[in-house]
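> My questions all concern the structure below.
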Amino acid sequence: LIAFYDDNHISIDGDTEIAFTENVDQRFEALGWHVIWVKNGNTGYDEIRAAIKEAKSVTDKPTLIKVTTTIGYGSPNKANSYSVHGAALGKKEVEATRNNLGWPYEPFQVPEEVKSHWSRHTPEGAALESDWNAKFAAYEKKYPEEAAELKSIITGELPAGWEKALPTYTPESPADATRNLSQQCLNALAKVVPGFLGGSADLASSNMTLLKAFGDFQKATPEERNLRFGVREHGMGAISNGICLHSPGLIPYCATFFVFTDYMRGAMRISALSEAGVIYVMTHDSIGLGEDGPTHQPIEHLASFRAMPNTLMFRPADGNETAGAYKIAVTKRKTPSILALSRQKLAQLPGTSIEGVEKGGYTISDNSSGNKPDVILIGTGSELEIAAQAGEVLRKEGKTVRVVSFVCWELFDEQSDEYKESVLPSDVSARVSIEAGSTFGWGKLVGSKGKSIGVNSFGASAPAPLLYKEFGITAEAVVDAAKSLF
């Protein structure tokens, strides 16, 4: 790796000495980098070439080339000033700079000698490509399986039938935390998708993200797939973005507690902005995590990520929905996916399916006819089971009830109007949502006459069942809310 550092001593507020006293050379040397200082970055072309040549010769460590420059070099009135840092020179100063540098060409005109200099690289590049293709053809003939894996990573083409590796569940399957079910999916995918790799910010044993068939990716073992990011959430997200954007077939996942996305939101936003399909495995997704208390209990996080453009926010309720979320996340290479997963065990529910998750929102049970239930109960994640329990109580009292899983709002928004109407008929205004997080945003789904049950304050430290009762996240609360709408 060769990195260039522009050492111009200017920040937006003035000279860097007002807030920056760090010795960059010594810092990077202490981190094990080779450091080269180019003292004249304005016109020292030979010095720059020599630095690059030296950096290329260093193969056992990364190199930082510190290039001391004058910001706005050539501008007679603004060079070496903070005024040129965050604003354009302006028409008059551009003209003055052109005259000062002796640049007679028209704007955007490329001099012929410059064009000729760069054009010579075209045949060189073509020759390098031809040589690489010949080497790959020989490699493919000698090592067909390895070549197929490499080609998959380069092109992004997934192996045929890869999705069949994802586990499926029945209502008779044992209850389990979706973080554990997630680990089953991660390990299944790693066996069939060559470019699938990832890790956690020092929480692998809690996030359940370890790939059991692989070792740790380290300097001596670059073929392994478990990444040990350490306690640096933002760095983890940034590294994952880089992996994702390197090759279409590299599919990185990274993990931490859902509440700690606050430390990496910038990197996650860049995922969405850069169309990097990183998979974010976020466990401990609600007050259901229990005794760790309000510092660790996410409240506003689901709503905030649902507001982020080009982002899929999944909150699966059981094994089938977790598998469904991964199926979509793996295929969405230009959209990041966030999976909010539970710490507590959840039942495998009747009616959930991988196919349903692909719709974003879908009906898991309904005893009505003519698309006219008395009430629609909408849940996500750990609260879908509560919605289903409330539905059974209301049905015993003679009501027709539809229970809907809203695992991913963004996917539901992509569906046709006809499908949306089949799930949430517009003439049924009696709707209740339940989610152990902020109710912000639920109004668009339950409508002005509906009810939203959630947590609109910070949590507390107590066992999960006690917290759910204290905050009113119960089947009884859903039943009462539904009855108030009849």
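Everything in the sequence shown is counted per the numbering used here, starting at 325 for the first residue and increasing by one. Beta carbons are placed, not taken as given, at the ideal position from N, Cα and C, and that holds for glycine.
With a 10 Å radius around its C-beta and 16 neighbouring C-beta atoms as the bar for buried, classify serine 610 as buried or exposed.
Answer is buried; the Cβ neighbour count reaches 16.
> Leaving out the 5 sequence neighbours to the left and right, which residues in its chain are closer than 6 Å to tryptophan 361 when beta-carbon positions are compared?
Counting only Cβ-Cβ distances below 6 Å, and skipping sequence neighbours, we find Lys390.
> Kindly provide the ranges of any alpha helix (DSSP H) runs that are 4 or more residues long and lie completely inside the segment 671 to 743, ordered along the chain.
Whole alpha helix (DSSP H) segments, 4+ residues: 678 to 681, 708 to 720 and 733 to 737.
> So which of Thr387, Asn366 and Thr340 has the shortest CA-CA distance to tyrosine 406?
Cα-wise, what sits closest to tyrosine 406 is Thr340.
> Quick test of your reading: leucine 355 and threonine 502, contact by CB under 8 Å. State the CB separation rounded to the nearest angstrom.
Not confirmed; about 38 Å, so no contact.
> Within 10 Å of its beta-carbon, does isoleucine 336 have 16 or more other beta-carbons around it, so buried, or fewer, so exposed?
By the 10 Å Cβ count, isoleucine 336 comes out exposed.
> Is it the case that the Cβ atoms of cysteine 509 and threonine 646 are separated by a distance below 7 Å?
Cβ atoms of cysteine 509 and threonine 646: closer than 7 Å.
> Report the three-state DSSP secondary structure of lysine 466 (helix, strand or coil).
Helix, per DSSP.
> Following the continuous beta strand (DSSP E) through tryptophan 361, name the residue where it begins and the one where it ends.
Run containing tryptophan 361: 358 to 362, per the beta strand (DSSP E) assignment.
> By Cβ distance, which residues of its chain are closer than 6 Å to threonine 394, with the 5 residues on each side in sequence left out?
Counting only Cβ-Cβ distances below 6 Å, and skipping sequence neighbours, we find Asn366, Ala403 and Asn404.
> Just to confirm before moving on: does the CB-CB distance between glutamine 621 and glycine 398 stay below 7 Å?
No, Cβ-Cβ distance for glutamine 621 and glycine 398 is not below 7 Å.
> CA-CA distance, isoleucine 567 and tyrosine 577?
Rounded to the nearest angstrom, the two C-alpha atoms are 10 Å apart.
> Counting only the same chain and skipping the five closest in sequence on each side, list residues whose C-beta sits under 7 Å from that of lysine 536.
Asn511.
> Let me check understanding here. Comparing Cα to Cα, which of Ala327, Pro633 and Glu716 lies closest to lysine 385?
The residue with the shortest Cα to Cα distance from lysine 385 is Ala327.
> To which residues does DSSP link serine 524 through a beta bridge?
In DSSP, serine 524 forms a bridge with Arg552 and Ala579.
> I need the boundaries of the beta strand (DSSP E) containing tyrosine 329, first residue and last residue.
Here the beta strand (DSSP E) through tyrosine 329 covers 326 to 331.
> Is the beta carbon of glycine 685 closer than 7 Å to that of phenylalanine 736?
Contact flag set, yes.
> Within the same chain, show all residues whose beta-carbon is closer than 8 Å to that of threonine 479, passing over the 5 residues directly before and after it, in chain order.
Contacts found: Pro572 and Gly573.
> How big is the Cα-Cα spacing for asparagine 634 and glycine 368?
Cα to Cα, asparagine 634 sits roughly 44 Å from glycine 368.
> For a quick check, are the C-beta atoms of serine 595 and proline 640 less than 7 Å apart?
The answer is no: Cβ separation not under 7 Å.
> When DSSP labels each residue in this structure, what does valine 391 get in the three-state scheme?
DSSP places valine 391 in strand when its eight states are reduced to three.
> Look up serine 335 in the DSSP assignment and say whether it is helix, strand or coil.
Serine 335 falls in the strand class under three-state DSSP.
> Determine the closest residue to phenylalanine 764 out of Pro749, Thr580, Ser628 and Lys466, with distance taken between C-alpha atoms.
Of the listed residues, the one whose Cα sits closest to phenylalanine 764 is Ser628.
> Since I believe serine 757 is in contact with valine 770 (beta carbons under 8 Å), could you give me their beta-carbon distance rounded to a whole number of angstroms?
Between serine 757 and valine 770 the Cβ distance is about 5 Å, and since that is below 8 Å, they are a contact.
> What span of residues does the beta strand (DSSP E) with alanine 499 cover, start to end?
Taken as a continuous stretch (DSSP letters only), alanine 499 belongs to no beta strand (DSSP E), as it is neither H nor E.
> Which residues in the same chain have their Cβ closer than 6 Å to the Cβ of serine 476, if we skip the five residues on either side of it in sequence?
Closer than 6 Å at the Cβ level, and outside the excluded window around serine 476, lie Pro518 and Gly573.
> Would phenylalanine 638 and histidine 608 be called neighbours here (beta carbons separated by less than 7 Å)?
Not closer than 7 Å, so no.
> Under 8 Å: do the segment 712 to 731 and the segment 681 to 701 share three or more Cβ pairs, one atom per stretch?
Touching, per the Cβ criterion.
> So, helix, strand or coil for glutamine 668, using DSSP?
Here glutamine 668 sits in coil by DSSP.
> Taking the Cβ atom as the reference point for each residue, do aspartate 625 and methionine 588 lie within a distance shorter than 7 Å?
Contrary to the premise, residue 625 reads as histidine rather than aspartate in this sequence. Cβ atoms of histidine 625 and methionine 588: not closer than 7 Å.
> Using only CA atoms, which one of Lys723, Glu473, Gly680 and Gln672 lies nearest to isoleucine 710?
Residue Gln672 is the option with its Cα nearest to isoleucine 710.
> Quick check: alanine 760 and isoleucine 700, are their CB atoms within less than 7 Å of each other?
No, these two residues do not count as a Cβ contact at 7 Å.
> Note down, in chain order, each residue of its chain lying with its Cβ closer than 8 Å to the Cβ of leucine 636, except the 5 sequence neighbours on either side.
Same-chain partners within the cutoff: Ile652, Ala653, Lys656, Thr659, Pro660, Ser661, Ile662, Cys732, Glu734 and Leu735.
> Grouping DSSP H, G and I as helix and E and B as strand, with all else coil, what is threonine 607?
Of the three classes helix, strand and coil, the one that applies to threonine 607 here is strand, per DSSP.
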